[in-house]
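Protein chains: 2
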Amino acid sequence: MQWNKLDQEPCSLSRTLSVIGDRWTLLILRDCFRKVRRFDDFQERLGIGRPVLADRLQKLVDNSVLLKAAYQDRPMRYEYRLTQKGLDLYPVIMSMNCWGDRYMPGKKGPPHLYRHVTCGHTFEPVQICSECGEELDPRGVHVEAGPGARDGAPMPVVDPPLKTARQKPKQRLKRRT
Amino acid sequence: MQWNKLDQEPCSLSRTLSVIGDRWTLLILRDCFRKVRRFDDFQERLGIGRPVLADRLQKLVDNSVLLKAAYQDRPMRYEYRLTQKGLDLYPVIMSMNCWGDRYMPGKKGPPHLYRHVTCGHTFEPVQICSECGEELDPRGVHVEAGPGARDGAPMPVVDPPLKTARQKPKQRLKRRT
DNA sequence: GGTATGAGTTCTAAAATAGTACTTGGCCTT
DNA sequence: AAGGCCAAGTACTATTTTAGAACTCATACC
Numbered sequence: 001m002q003w004n005k006l007d008q009e010p011c012s013l014s015r016t017l018s019v020i021g022d023r024w025t026l027l028i029l030r031d032c033f034r035k036v037r038r039f040d041d042f043q044e045r046l047g048i049g050r051p052v053l054a055d056r057l058q059k060l061v062d063n064s065v066l067l068k069a070a071y072q073d074r075p076m077r078y079e080y081r082l083t084q085k086g087l088d089l090y091p092v093i094m095s096m097n098c099w100g101d102r103y104m105p106g107k108k109g110p111p112h113l114y115r116h117v118t119c120g121h122t123f124e125p126v127q128i129c130s131e132c133g134e135e136l137d138p139r140g141v142h143v144e145a146g147p148g149a150r151d152g153a154p155m156p157v158v159d160p161p162l163k164t165a166r167q168k169p170k171q172r173l174k175r176r177t
Numbered sequence: 001m002q003w004n005k006l007d008q009e010p011c012s013l014s015r016t017l018s019v020i021g022d023r024w025t026l027l028i029l030r031d032c033f034r035k036v037r038r039f040d041d042f043q044e045r046l047g048i049g050r051p052v053l054a055d056r057l058q059k060l061v062d063n064s065v066l067l068k069a070a071y072q073d074r075p076m077r078y079e080y081r082l083t084q085k086g087l088d089l090y091p092v093i094m095s096m097n098c099w100g101d102r103y104m105p106g107k108k109g110p111p112h113l114y115r116h117v118t119c120g121h122t123f124e125p126v127q128i129c130s131e132c133g134e135e136l137d138p139r140g141v142h143v144e145a146g147p148g149a150r151d152g153a154p155m156p157v158v159d160p161p162l163k164t165a166r167q168k169p170k171q172r173l174k175r176r177t
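Protein sequence lines correspond, in order, to chains V and W. Residues in the first sequence are numbered consecutively from 1, following the numbering used here. Residues in the second sequence are numbered consecutively from 1, following the numbering used here.
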């Protein structure tokens, strides 16, 4: 499978990755959330190559994650701003950040702290169930086929039979740990 | 900047991306959460090239996101399982999934539904503040330098002065159901 | 006129990926 | 014992993507 077919998969993760799943896009978006808006500011802060940056910004605009807004005429100049669609990527960025804080904090601790202005505390993001409010645990979630399961589907959808699950072990499992 | 220097940045998002930020890794992890464990199963379900798959699995093991566990001897064979560190990536995957469900659902709706076994409902993940429990909004979060801000830092840290003028804050938006 | 600015585009070399074929250890069948 | 099969990789080539520097373009400023 090639990268450019990813958005056709019947899987929302694949489709999301087709928009933000390349090497640089999430770093660009992180800077967007920190109010970076202009080409040269992105370029300088990220150390990204200019051609790649141009390409990524264009793709984000094509996908309505960013929009290009003029901030002056005369030399006509544009800046890039998050749309609502882009703002809705905040949980993605925050959950990645949180994981990095937990598992790769460096010697002295996490590089950033996040303060919730409303309540005044530094916090971590926590992911909960929209229905009952309980914190989500992967073991407590069951994946089911949704209405769009076969929209155009070249891919197995939900937990198809794997050899792993079916085969009776030829040899006894050897535990080592 | 090259990709392989990303883990040195004083930013948890960069560091996280140095582990899971390439083309395939998140798709591999998605399948891990669906109980895929063996090389050929990953390869077949993802359509990924075998050399790339081997490389990614190895890197995930090196980073302790997966571990390799023998499931038989005799022909010695191993499978790949999520560690706790890997399981803790669940919010990342779920928040991406949720965004894809919202913005790229296809004609008939989202490809998958997620049922919370504990409460019995299909749900969306919601991200809240660990301190006050309120849903997070990017505009209500302030980023500050943390204790590890300058651990080895070649990069500007928090909101350095930009030429772009600040915007006056606008109205808060309400969460859509 | 000469230089500076911001936002790109062009170009080449290096790196990563796609896709196929081959290898390896051990079992199973004939 | 020979040949085939299986799972898990490696080796190798062709294509695509990225890194990095240099160049363009429109206007402003001195």
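Note that the Cβ used here is the ideal one computed from N, Cα and C, for glycine as well. Remember, it's a predicted structure, so these values are computed and weren't measured experimentally.
Next on the checklist: Distance cutoff 8 Å, beta carbons only. Does Met76 of chain V sit that close to anything in chain W?
Outcome noted: Here the question's residue 76 of chain V lines up with position 76 in the first sequence. Not an interface residue.
Next on the checklist: So, at 7 Å on beta carbons, what are the nonlocal neighbours of Arg56 of chain W in its own chain, with the 5 sequence-adjacent residues on each side left out?
Outcome noted: The residue you call residue 56 of chain W lines up with position 56 of the second sequence. Result list for Arg56 of chain W: Trp24, Thr25 and Ile28, in chain order.
Checklist entry - At a Cβ threshold of 8 Å, is Ile28 of chain V touching chain W? => result Here the question's residue 28 of chain V lines up with position 28 in the first sequence. It does not: the Cβ of Ile28 of chain V has no partner Cβ on chain W nearer than 8 Å.
Item to check | Neighbourhood of Ile186 of chain V by C-beta, 7 Å cutoff - its chain only, sequence neighbours within 5 removed | outcome: Absent from the model: residue 186 of chain V. The displayed extent of chain V is 1 to 177, so no value can be given.
Item to check | Residue from W:Glu79, W:Gly106 and W:Thr122 whose Cα sits closest to the Cα of Val36 of chain W | outcome: Here residue 36 of chain W is taken as the residue at index 36 of the second sequence, counted from 1. Minimum Cα distance to Val36 of chain W is reached at W:Glu79.
Next on the checklist: I need the boundaries of the alpha helix (DSSP H) containing Arg139 of chain W, first residue and last residue.
Outcome noted: By one-based count along the second sequence, residue 139 of chain W stands at place 139. No alpha helix (DSSP H) contains Arg139 of chain W, which DSSP labels as neither H nor E.
Checklist entry - Counting only beta-carbon atoms, is Pro156 of chain V nearer than 8 Å to chain W? => result Along the first sequence, read from residue 1 onward, the residue named residue 156 of chain V stands at position 156. With a pLDDT of only 37 at Pro156 of chain V, under 50, the local geometry of the prediction cannot be trusted, and the value read off the model is given with reservation. Taking Cβ atoms only, chain W reaches closer than 8 Å to Pro156 of chain V, which makes this a yes.
Checklist entry - Curious, which full-length alpha helix (DSSP H) runs of at least 4 residues does the region 11 to 92 of chain W contain? => result 12 to 20, 25 to 33, 39 to 46, 50 to 62 and 84 to 87
Item to check | Listed by chain order, chain W residues near Asp88 of chain V by CB distance under 8 Å | outcome: For this step, residue 88 of chain V is matched to residue 88 along the first sequence. Simply Trp99, Arg102 and Tyr103.
Item to check | Neighbourhood of Leu204 of chain W by C-beta, 7 Å cutoff - its chain only, sequence neighbours within 5 removed | outcome: For residue 204 of chain W there is no data in the structure shown, the boundaries of chain W being 1 and 177.
Checklist entry - Taking 8 Å as the CB-CB cut-off, is Ala149 of chain W touching chain V? => result Reading the second sequence from its first residue, position 149 is the one you call residue 149 of chain W. It does; some Cβ of chain V falls within 8 Å.
Checklist entry - Is Glu131 of chain W closer than 8 Å to His121 of chain V when the C-beta atoms are compared? => result The count along the first sequence starts at 1 and reaches residue 121 of chain V at position 121. The count along the second sequence starts at 1 and reaches residue 131 of chain W at position 131. Going by C-beta atoms, His121 of chain V is nearer than 8 Å to Glu131 of chain W.
Next on the checklist: Using beta carbons (cut-off 8 Å, strictly below), is Gln43 of chain W in contact with chain V?
Outcome noted: To locate residue 43 of chain W, count along the second sequence from 1; it is residue 43. For Gln43 of chain W, the answer is no, since every Cβ of chain V falls outside 8 Å of its Cβ.
Checklist entry - Name the DSSP beta bridge partners of Thr180 of chain W, please? => result This structure does not reach residue 180 of chain W, given that chain W is present from 1 up to 177, and the question cannot be answered.
Item to check | Below-8 Å beta-carbon distance, Val61 of chain V vs any chain W residue | outcome: The residue you call residue 61 of chain V lines up with position 61 of the first sequence. Not an interface residue.
Item to check | Proximal residues, the region 6 to 20 of chain V versus chain W, C-beta separation under 9 Å | outcome: Under the 9 Å Cβ criterion, the region 6 to 20 of chain V contributes Leu6, Asp7, Glu9, Pro10, Cys11, Ser12, Leu13, Ser14, Arg15, Thr16, Leu17, Ser18, Val19 and Ile20.
Item to check | CB contact below 8 Å: Val143 of chain V versus chain W | outcome: The count along the first sequence starts at 1 and reaches residue 143 of chain V at position 143. Interface residue, yes.
Item to check | Euclidean distance between Cα positions of Ile20 of chain V and Asp73 of chain W | outcome: As a position in the first sequence, residue 20 of chain V is number 20, starting the count at 1. As a position in the second sequence, residue 73 of chain W is number 73, starting the count at 1. For Ile20 of chain V and Asp73 of chain W, the distance between alpha carbons rounds to 41 Å.
Item to check | For Gln2 of chain V: DSSP bridge partner residues | outcome: As a position in the first sequence, residue 2 of chain V is number 2, starting the count at 1. DSSP output for Gln2 of chain V lists no bridge partner at all.
Checklist entry - In whole angstroms, what is the alpha-carbon distance linking Tyr90 of chain V and Asp137 of chain W? => result The count along the first sequence starts at 1 and reaches residue 90 of chain V at position 90. The count along the second sequence starts at 1 and reaches residue 137 of chain W at position 137. Cα-Cα distance, rounded: 8 Å.
Item to check | Close-in-space but distant-in-sequence residues of the same chain around Ile48 of chain V (CB under 6 Å, 5 per side omitted) | outcome: Taking the first residue of the first sequence as 1, we reach residue 48 of chain V at position 48. Excluding residues within five positions, the ones whose Cβ falls inside 6 Å are Trp24.
Checklist entry - Looking at chain V, which residues of the region 107 to 131 of chain W have a Cβ within less than 8 Å of any of its Cβ atoms? => result Lys107, Lys108, Gly109, Pro110, Pro111, His112, Leu113, Tyr114, Arg115, His116, Val117, Thr118, Cys119, His121, Thr122, Phe123, Glu124, Pro125, Val126, Gln127, Ile128, Cys129, Ser130 and Glu131
Next on the checklist: Using only CA atoms, which one of V:Gly106, V:Thr118, V:Val126 and V:Ser12 lies nearest to Arg15 of chain W?
Outcome noted: Here the question's residue 15 of chain W lines up with position 15 in the second sequence. Considering only alpha carbons, the answer is V:Gly106.
Checklist entry - Where does Cys98 of chain V sit, in a helix, a strand or coil, going by DSSP? => result Translated into positions along the first sequence, residue 98 of chain V becomes position 98. Looking at Cys98 of chain V - three-state DSSP - the assignment turns out to be helix.
Item to check | Residue-chain proximity (Lys85 of chain V, chain W), Cβ-Cβ < 8 Å | outcome: The residue you call residue 85 of chain V lines up with position 85 of the first sequence. Closer than 8 Å: yes.
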